[in-house]
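Student: Got a structure here, written out as structure tokens. Questions coming.
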Amino acid sequence: MPANQSLGSIATQSLDRIQDPPSTVSNGSVQSYIEFAMEDIKNWFGESSISTTAVPVKYQNILVNLGAAYVMGRKLGVGVDFDFSLGEFRASRGAATNSPDAQQLRFFIEQINMGMKGAHRDVKITKVYGV
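Numbered by numbering that gives the first Met the number 0, the letters in the sequence shown go through residues 0 to 130 in order.
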């Protein structure tokens, strides 16, 4: 990926990863979803200054995969059976399915997990003295 990218470029890449995305999902709706997800990324990594017009490289793949997972979720619809987890979040509905779309959604979720674990996160450790 090139240097910093805008959310619009990231949304386009998310849609490009999906074969036959639903017609109800536009680049604008994916961009809006990614913009909300970016707030979680900021909180997780302790970043307060990520710009929507210049997303750093280390967050781009995570956001592209989040956008793709959003599109796949919309494509699969409400009635699909699924079983996946993202960090401490776990979602399950019915028996897990092995359809290609459900497998692709699981792949994106796994990529997001790996990206979140692999990206550098500043951790501050302080020593606390008892009173």
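Beta carbons are placed, not taken as given, at the ideal position from N, Cα and C, and that holds for glycine. Source: prediction; values computed, not measured.
1) Please list the terminal residues of the continuous alpha helix (DSSP H) segment that includes S13.
2) If you compare alpha carbons, which of N112, A101, I108, Y69 is closest to F35?
3) Considering only the beta carbon of each residue, do T51 and S13 sit closer than 8 Å?
4) Alpha carbon to alpha carbon, what distance is there between S98 and I33?
5) The alpha helix (DSSP H) spanning S31 covers which residue range?
6) Where do the ends of the alpha helix (DSSP H) carrying P56 lie?
7) Regarding L65 and the ligand NAD, is the C-beta to nearest heavy atom distance less than 7 Å?
8) Helix, strand or coil, according to DSSP, for A2 in the structure here?
9) Which word fits G114, buried or exposed, when buried means at least 16 other C-beta atoms lie within 10 angstroms of its C-beta?
10) Could you tell me whether the Cβ atoms of I9 and V63 are closer together than 8 Å?
Tutor: Result, derived from the coordinates:
1) Element bounds for S13: 6–15.
2) Y69
3) no
4) Taking the straight line joining both Cα atoms gives about 25 Å.
5) It spans 26–44 - the alpha helix (DSSP H) in which S31 sits, taken as one unbroken run.
6) In the sequence on display, residue 56 carries Val and not Pro. Residues 56–75.
7) This structure lacks the ligand NAD, and indeed carries no ligand of any kind.
8) coil
9) buried
10) yes
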